[in-house]
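If you read the protein sequences in the order shown, they are chains W and P. Heads up: take any position in the first sequence, counting from 1, add 965, and you land on the working numbering. Heads up: take any position in the second sequence, counting from 1, add 965, and you land on the working numbering. Below is one structure, written out as C-alpha cells, with a few remarks after it.
There are 2 protein chains.
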Amino acid sequence: MTDTEETAETYDPSRYERPSVTVDVVIFTLIDRELHVLLVRRKRWPFEGYWAIPGGFVQMHESLEDAARRELEEETGVRDIYLEQLYTFGDPDRDPRTRVISVAYFALVRADRQRLRVSDESLDVRWFPVRAVPSPLAFDHDRILAMALARLRSKLEYTTLAFELLPEVFSILELKHIYEQIFGEKLDKGNFYRKIKDAGVLEETGLLREGRGRPTRLYRFRRDRGDGQFVFRWREARIDSGESQERDLSS
Amino acid sequence: MTDTEETAETYDPSRYERPSVTVDVVIFTLIDRELHVLLVRRKRWPFEGYWAIPGGFVQMHESLEDAARRELEEETGVRDIYLEQLYTFGDPDRDPRTRVISVAYFALVRADRQRLRVSDESLDVRWFPVRAVPSPLAFDHDRILAMALARLRSKLEYTTLAFELLPEVFSILELKHIYEQIFGEKLDKGNFYRKIKDAGVLEETGLLREGRGRPTRLYRFRRDRGDGQFVFRWREARIDSGESQERDLSS
DNA sequence: TTAATTAGTGTCATAACAACAATATACCGG
DNA sequence: CCGGTATATTGTTGTTATGACACTAATTAA
Chain W
966 MTDTEETAET
976 YDPSRYERPS
986 VTVDVVIFTL
996 IDRELHVLLV
1006 RRKRWPFEGY
1016 WAIPGGFVQM
1026 HESLEDAARR
1036 ELEEETGVRD
1046 IYLEQLYTFG
1056 DPDRDPRTRV
1066 ISVAYFALVR
1076 ADRQRLRVSD
1086 ESLDVRWFPV
1096 RAVPSPLAFD
1106 HDRILAMALA
1116 RLRSKLEYTT
1126 LAFELLPEVF
1136 SILELKHIYE
1146 QIFGEKLDKG
1156 NFYRKIKDAG
1166 VLEETGLLRE
1176 GRGRPTRLYR
1186 FRRDRGDGQF
1196 VFRWREARID
1206 SGESQERDLS
1216 S
Chain P
966 MTDTEETAET
976 YDPSRYERPS
986 VTVDVVIFTL
996 IDRELHVLLV
1006 RRKRWPFEGY
1016 WAIPGGFVQM
1026 HESLEDAARR
1036 ELEEETGVRD
1046 IYLEQLYTFG
1056 DPDRDPRTRV
1066 ISVAYFALVR
1076 ADRQRLRVSD
1086 ESLDVRWFPV
1096 RAVPSPLAFD
1106 HDRILAMALA
1116 RLRSKLEYTT
1126 LAFELLPEVF
1136 SILELKHIYE
1146 QIFGEKLDKG
1156 NFYRKIKDAG
1166 VLEETGLLRE
1176 GRGRPTRLYR
1186 FRRDRGDGQF
1196 VFRWREARID
1206 SGESQERDLS
1216 S
C-alpha cells in the first residue's frame, strides 16, 4: 500500500531492487530579449558529445528541491532563484545504463546575474536560444524541455512569473516583450499598459532610461502584491503544463 | 550533469546509494453525489493502524504510470481510468525506515465501477468523503491529499475532467452538483444550463429518468469534442494545483 | 524645425457573464 | 383537475473584460 509496505515482519531494504534517482533542471533566462536555456555537453557514454539538461544524482540526505538547487549552483553559480518541480520521468529504458528516474525542475534566472562555469564533468556549458536548441538532446531531454516550455507558457498566463526573468528595474514594454516572446504573438500596446497597471503589481521607481525616443519609465515588481495568488491572463485558452492533459497543465 | 553522470571511466551502479521509489495514487470517486477518496489502513510499522493513500514500489521493468495503474488495479480492480501524475515527494525523512521518494498520481474513477478488495497487505480499504478524512494520515499523506484536491479543483475549471467522475449517462444537474461539490459554491442553474449546452460536449441519449418532478433528461459525454483542448471556466480566479506556485497547474 | 522614434493614454464597441426573474414541462397525490 | 415539486429553459439587465485603434507625449537626429 503506502510507501514501502511489505509482507515481511520487519523492513528489509535490500529486498527490493532500487532505481537511481536524479534531478534535472531546465534553466531559462533572458539574454538580449530572447529566451535562452542552459545546456551542458556530455563528456562520456552514453550520449557522449550530446547536449543535455544539467542534472545529477539525488543524495540520500537532501530533499529533491535541495538537490535541484545544488545542481543549479554547481552549474551556474546562481542562487535564490525561482525553482519549481516540473514532472518526473521514469520510463524504464530512458537511460541505457540502468533504471534512472529523473525528477525534472524548471528554473528562471535573471539575465544580469549569470556567471557560467564549466564543471569538469562536462565538455561545455552554454546558453541556447530556445528556438535554436541542438537536436536531438541526450536521453529524453527533448521531451523534458518541451514540457518545461509548455509549463512556462502556461504559467505566464496566470502568474507573475514573467518578473522572474527581468532585472530589478524594467520598463513595461520590456515586460510586454517577454510575453510576446514566450506566447509567440503580438500583444496590443495600449491594452497591455492598461492591464498591467490595473493589476497593481508595479511600483514606480521614478527612474528613467534615455534612448532614441521618449525616455522609458522604469518600474519595480511589487513582490508583496499578488506574488502568490494574483492572476492576470492574456488569452482565454490554456495549454496545460504537463503531459496529455497535465500538459498541460497545469502548473 | 545530466542523469547519472559520473567521473569514473565506466559506469558503476553500486557507487551511489539509492533511494527507494514508490508510487502513491490518490483515487477519487463520487458516491451519493459526494466526493470520496480511497484510503487503506496500514497493518505494520510505521504508522501501524493509520490510514494512508494506496501505493507501492515501482518495479524495475515498469514505467511510473504503469506502476500507478497496477497499484490502482490491485486496490480497486478498476482499469481504463483517468490517471495523471501529481507531484513527487522526496523529503529525506518522510519515511522513518529509509529514504523513500514517492511519485504521487491522482486518479478519477466512476462511481458505478468500483469493487473494492482488501489486499492482505492492509487491515482495511475504504472510501472516505473528502470532508471527513481521518487525520492525520500516515507519512506526509495529508499533504499529498491536499495537493490532489487542489489540482482537482484547478483542473475542473478548464478541462472536462468532471465527466470522469460521472457514470455513462447523467443529468445536467448532476454535473452541476459535482462542480458545486468541488468548488464549494453554488452555481446558477440557468447559467449552467446555458454554458454546458453551448459548449457542445453533451450528447443527448433520449433517455429519461423519472423522479418526483419532471423527468430528468440524460446525457452522454462526447469524448470526441474537446476532450483534450476544450476549455470552459466557471470562475475567474484560479487556485493552482501544486505547491507554492505550482499550486499548478499547471495544469 | 521637422521627421523619426519610442512611450504612453483614451475611447468605443462588443463579448462574456453573473445575478435574478419568469415560464414551461411533466409527473404525483389527493 | 389542482397544487406541489422538481426539472428544464428562456429572458433581461448591468457590469466587467478586452480587442481594435487612434491619439498624444517626449526625446534625438538630421
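Note that the Cβ used here is the ideal one computed from N, Cα and C, for glycine as well. Every value quoted in this text rests on a predicted model; they were computed, and no experiment measured them.
What are the residues that DSSP puts in a beta bridge with residue i?
i                          : result
glutamate 1169 of chain P  : P:Tyr1184
glutamate 999 of chain P   : P:Ile996
proline 1094 of chain W    : W:His1001
isoleucine 1066 of chain W : W:Val986
tryptophan 1016 of chain P : P:Arg1006
aspartate 1089 of chain W  : W:Arg1006
glycine 1021 of chain P    : P:Val988
alanine 1072 of chain W    : W:Ile992 and W:Leu1048
threonine 1053 of chain W  : W:Val1068
arginine 1174 of chain P   : P:Thr1181
Would you say residue i and residue j are within 9 Å of each other, going by their C-beta atoms?
i                             : j                          : result
valine 1095 of chain P        : leucine 1114 of chain P    : yes
arginine 1064 of chain W      : proline 984 of chain W     : yes
valine 1043 of chain P        : valine 988 of chain P      : no
isoleucine 1109 of chain W    : valine 986 of chain W      : no
isoleucine 1143 of chain P    : leucine 1000 of chain P    : yes
phenylalanine 1093 of chain W : proline 1101 of chain W    : no
arginine 1179 of chain P      : leucine 1167 of chain P    : no
arginine 1075 of chain P      : leucine 995 of chain P     : yes
valine 1005 of chain W        : serine 1067 of chain W     : no
arginine 1116 of chain P      : isoleucine 1147 of chain P : no
lysine 1154 of chain P        : lysine 1162 of chain P     : no
arginine 1187 of chain P      : alanine 1103 of chain P    : no
alanine 1072 of chain W       : leucine 1037 of chain W    : yes
proline 1132 of chain W       : histidine 1026 of chain P  : no
arginine 1182 of chain P      : serine 1136 of chain P     : yes
glutamine 1050 of chain P     : threonine 1053 of chain W  : yes
glutamate 1039 of chain P     : leucine 1003 of chain P    : no
serine 1059 of chain W        : aspartate 1105 of chain W  : According to the sequence shown, residue 1059 of chain W is arginine rather than serine. In contact: arginine 1059 of chain W and aspartate 1105 of chain W (Cβ atoms closer than 9 Å).
arginine 1035 of chain W      : glycine 1021 of chain W    : yes
What's the call for residue i, buried or exposed, on a 16-neighbour Cβ count within 10 Å?
i                         : result
glutamate 982 of chain W  : exposed
glycine 1193 of chain P   : Per-residue confidence for glycine 1193 of chain P stands at a pLDDT of 40, beneath the threshold of 50, marking its modelled position as unreliable; no derived number is given.
aspartate 1213 of chain W : Summary for aspartate 1213 of chain W: the model assigns pLDDT 30, below 50, so the residue's position carries little reliability; its value from the coordinates is reported in the next sentence. So aspartate 1213 of chain W ends up on the buried side.
leucine 925 of chain P    : No information on residue 925 of chain P is available, as it lies outside the stretch 966 to 1216 that chain P covers here.
proline 1019 of chain P   : buried
glutamate 1169 of chain W : exposed
aspartate 1089 of chain W : exposed
valine 1176 of chain W    : For clarity, residue 1176 of chain W is glycine in the given sequence; the question names valine instead. That one is exposed.
alanine 1069 of chain W   : buried
glutamate 1013 of chain W : exposed
aspartate 997 of chain W  : exposed
alanine 1111 of chain P   : exposed
leucine 1126 of chain P   : buried
leucine 1172 of chain W   : exposed
lysine 1120 of chain P    : buried
glutamate 1150 of chain P : exposed
arginine 1080 of chain P  : exposed
alanine 1017 of chain W   : buried
alanine 1033 of chain W   : buried
glycine 1055 of chain W   : buried
*With 8 Å as the C-beta to C-beta threshold (strictly closer), list the residues of the segment 1095–1116 of chain W near chain P in chain order.*
From the segment 1095–1116 of chain W, only Ala1103, Phe1104, His1106 and Arg1116 have a Cβ closer than 8 Å to chain P.
*Residues of the segment 1053–1078 of chain W with a CB closer than 7 Å to any CB of chain P: list them in chain order, please.*
So the close ones are Thr1053, Gly1055, Asp1056, Pro1057, Asp1060, Arg1062, Thr1063, Arg1064, Val1065, Ile1066, Ser1067 and Val1068.
*Got a sec: which bits of the segment 1027–1044 of chain W sit with their beta carbon under 7 Å from any beta carbon on chain P, in order along the chain?*
Answer set for the segment 1027–1044 of chain W: Glu1027, Ser1028 and Leu1029.
_Counting only Cβ-Cβ distances shorter than 8 Å, please list the residues of the segment 979–1006 of chain P near chain W, keeping chain order._
Among the residues of the segment 979–1006 of chain P, those with a Cβ less than 8 Å away from any Cβ of chain W are Tyr981, Glu982, Arg983, Pro984, Ser985, Val986, Thr987, Asp989 and Val1005, in the order of the chain.
*Determine which residues of the segment 1134–1152 of chain W have a Cβ less than 8 Å from any Cβ of chain P, and write them out in chain order.*
The residues in question: there are none.
*Taking only beta carbons into account, state which residues of the segment 1159–1190 of chain P come closer than 8 Å to chain W, listed in chain order.*
Going along the segment 1159–1190 of chain P in chain order, one finds no residue with a Cβ nearer than 8 Å to chain W.
*If you scan the segment 1088–1154 of chain W from start to end, which runs of the alpha helix (DSSP H) of 4 or more residues do you find wholly inside it?*
When DSSP assignments are scanned along the segment 1088–1154 of chain W, the uninterrupted stretches of alpha helix (DSSP H) that are 4 or more residues long and fall wholly within it turn out to be 1106–1121 and 1137–1148.
*Residues of the segment 1082–1095 of chain P whose Cβ lies closer than 8 Å to any Cβ of chain W, in chain order*: For the segment 1082–1095 of chain P, the beta-carbon criterion of a distance under 8 Å to any beta-carbon of chain W is satisfied by Ser1084, Asp1085, Glu1086 and Ser1087.
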